[in-house]
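Start counting the sequence shown at 2; every next residue gets the next number (the working numbering).
Idealized CB from N, CA, C, for every residue including glycine.
These figures come from a predicted structure and were not determined experimentally.
First up is the structure itself, then whatever we jot down about it.
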Amino acid sequence: VNYVAATDDEALEAFQLCSRLEGIIPALEPAHALAHVMKMAPEMDRDEIVIMNMCGRGDKDIFAVAEHLGVRL
């Protein structure tokens, strides 16, 4: 097990990218993990595999994310 940190800004970037590209609204907790995966991926060999759990429901975080991004819903 390797524990790492991701900033809230990195998590919000990952949150937006996942929502935009995959149509999946991640919860903020796995968005932090996804932010780290996005940092790792360019350094990995093409035959390496990453498994990441996208737990939770992002719809509960929509208003907090929108507020942080300055978007009015």
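Report yes if the CB atom of residue i is closer than 7 Å to the CB atom of residue j, and no otherwise.
i	j	result
Ala28	Gly57	yes
Val38	Met53	yes
Ala36	Ala6	no
Ile26	Asp60	yes
Assign residue i to buried or exposed, taking buried as 16 or more other Cβ atoms, counted over all protein chains shown, within 10 Å of its Cβ.
i	result
Gly71	exposed
Pro31	buried
Phe64	exposed
Ala42	exposed
Ala12	buried
Ala67	exposed
So the alpha helix (DSSP H) residue i belongs to, where does it begin and stop?
i	result
Glu44	From DSSP, Glu44 is part of no alpha helix (DSSP H); its letter is neither H nor E.
Leu13	Asp9 to Glu23
Val66	Ile63 to Leu70
Starting from the C-beta of residue i, find all residues in its chain whose C-beta is less than 7 Å away, skip the five residues before and the five after it, and write them out in chain order.
i	result
His15	A small correction: the amino acid at residue 15 is Ala; His does not occupy that position in the sequence shown. Cβ within range, chain order: Ala32, Leu35, Ala36 and Met39.
Ser20	Ile26
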